[in-house]
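*Asks:* If you scroll down you'll find the structure; I have some questions about it.
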Amino acid sequence: MRRLFDKFDFVVVYMDDICVFLRTIEEHADHLRSICTVVRTGKLYARPSKCSFGVDSVNFLGHTISKYGLHVDQSKVCAIEKWPEYQSSKDVMSFVDLPVTTASGLLKRGDKWHWSEDEHRAYLTIKFALQQAPALQLPEFNKPFVVTSDASGFCCDVVISQLDGDGNDRSVAFMSKRLGPHEQNWPTHEKELYAIKLALSKWRHYLHGNRFD
Numbered sequence: 028m029r030r031l032f033d034k035f036d037f038v039v040v041y042m043d044d045i046c047v048f049l050r051t052i053e054e055h056a057d058h059l060r061s062i063c064t065v066v067r068t069g070k071l072y073a074r075p076s077k078c079s080f081g082v083d084s085v086n087f088l089g090h091t092i093s094k095y096g097l098h099v100d101q102s103k104v105c106a107i108e109k110w111p112e113y114q115s116s117k118d119v120m121s122f123v124d125l126p127v128t129t130a131s132g133l134l135k136r137g138d139k140w141h142w143s144e145d146e147h148r149a150y151l152t153i154k155f156a157l158q159q160a161p162a163l164q165l166p167e168f169n170k171p172f173v174v175t176s177d178a179s180g181f182c183c184d185v186v187i188s189q190l191d192g193d194g195n196d197r198s199v200a201f202m203s204k205r206l207g208p209h210e211q212n213w214p215t216h217e218k219e220l221y222a223i224k225l226a227l228s229k230w231r232h233y234l235h236g237n238r239f240d
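Just so you know, we're using this note's numbering here: the sequence shown kicks off at 28 and counts up by one.
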């Protein structure tokens, strides 16, 4: 279905979800006419109860998108807040793909289930972090990007950001990767270089052809 809308630069299509973005209500009307024409000629169908028009924010792929940036869907936050403690490794997998060393250690195949105070603290830390997740700024390609990376003994973390009009650093995206057993034996400088490599590869579509620090 995505190929039907490739000619438009004001629409994002993922599977059967279509998101149309614009700056003015007049543009909205024109864009919708174009989209509806493609839907009709392509013999596609849209359920009215799942459509929203003329809104200033929209839930799309588990996030709330508005002119202020990308926020975690509030319904997801409420679900996380009410999530019970783990009782097995299957509970850990169903909760979230955990990048945290202590909690992700519970996923090792063949290990006996063990829930101690350390795991409990990691669980609460993850829940709090997800509930307090900051809004992500929408990228502005006329401004330079800033890539910040770090590495520890167990994982690599990278952030891509931009400065706003007041000079404040605003995050565009985050990424974290747990290091494998052999990667954990690398010297610190190799882990840090690996974090930079991850950032350049993951965010190539942001950084290629653009200035960044």
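Every residue, glycine too, gets a C-beta built ideally from N, C-alpha and C.
No experiment lies behind these values; they were computed from the predicted model shown.
Tell me the rounded alpha-carbon separation between P214 and K204.
*Replies:* Sequence index remark: in the sequence shown, residue 214 carries index 187 (1-based). Sequence index remark: in the sequence shown, residue 204 carries index 177 (1-based). Answer to the nearest angstrom: the Cα atoms are 17 Å apart.
*Asks:* So, at 6 Å on beta carbons, what are the nonlocal neighbours of C258 in its own chain, with the 5 sequence-adjacent residues on each side left out?
*Replies:* Not covered by the structure: residue 258. The range shown for the chain is 28 to 240.
*Asks:* Using only CA atoms, which one of R50, R197, G89 and H216 lies nearest to D44?
*Replies:* The residue you call residue 44 lines up with position 17 of the sequence shown. Comparing Cα positions, the closest option is G89.
*Asks:* I'd like to know whether the C-beta atoms of L190 and R197 end up nearer to each other than 9 Å.
*Replies:* Working through the sequence shown from its first residue, we reach residue 190 at position 163. Working through the sequence shown from its first residue, we reach residue 197 at position 170. In contact: L190 and R197 (Cβ atoms closer than 9 Å).
*Asks:* I need the straight-line Cα distance from I62 to T51, nearest angstrom please.
*Replies:* Your numbering for residue 62 matches position 35 in the sequence shown. Your numbering for residue 51 matches position 24 in the sequence shown. The alpha-carbon atoms of I62 and T51 are separated by roughly 16 Å.
*Asks:* Take H209 as the anchor and find which of R231, G180, F172 and R29 has the nearest alpha-carbon.
*Replies:* Indexing the sequence shown from 1 puts residue 209 at position 182. Cα-wise, what sits closest to H209 is G180.
*Asks:* With a threshold of 7 Å on Cβ separation, who are the neighbours of V186 within its own chain once the five nearest residues in sequence on each side are excluded?
*Replies:* Counting from one through the sequence shown, the residue named residue 186 turns up at place 159. Taken in chain order, the residues that qualify are T175, S198 and F201.
*Asks:* Candidates L225, Y233, S143 and E146: which alpha carbon is nearest P171's?
*Replies:* In the sequence shown, residue 171 corresponds to position 144, counting from 1. Measuring from the Cα of P171, the nearest candidate turns out to be Y233.
*Asks:* Mapping DSSP to helix, strand and coil, what is Q158?
*Replies:* Mapped onto the sequence shown, residue 158 falls at position 131. In the structure shown, Q158 sits in a helix (DSSP, three-state: H, G or I).
*Asks:* Could you give the first and the last residue of the continuous beta strand (DSSP E) run that contains H90?
*Replies:* For the purposes of this step, residue 90 is taken as residue 63 along the sequence shown, with counting starting at 1. First-last of the beta strand (DSSP E) with H90: H90 to S93.
*Asks:* Would you check if there are 3 or more beta carbon pairs closer than 8 Å linking the region 140-155 to the region 69-80?
*Replies:* No, the region 140-155 is not in contact with the region 69-80.
*Asks:* Leaving out five residues on either side along the sequence, give the residues of the same chain with a beta carbon under 7 Å from the beta carbon of F37.
*Replies:* Translated into the one-based positions of the sequence shown, residue 37 becomes position 10. If we look at F37 and ignore the five residues flanking it on each side, its Cβ neighbours are V47, F48, L49 and H58.
*Asks:* I'd like the span of the alpha helix (DSSP H) that includes L163, first residue to last.
*Replies:* Taking the sequence shown and counting its residues from 1, one reaches residue 163 at position 136. Taken as a continuous stretch (DSSP letters only), L163 belongs to no alpha helix (DSSP H), as it is neither H nor E.
*Asks:* Just verifying my parser: in three-state terms, what is the DSSP assignment at A178?
*Replies:* As a first step, residue 178 must be located in the sequence shown, where it is residue number 151. Strand, per DSSP.
*Asks:* For my contact list, Q164 and G96 are in at a C-beta cut-off of 8 Å; report their separation, rounded to the angstrom.
*Replies:* The residue you call residue 164 lines up with position 137 of the sequence shown. The residue you call residue 96 lines up with position 69 of the sequence shown. Yes, they are in contact, since the Cβ atoms of Q164 and G96 sit about 5 Å apart, within 8 Å.
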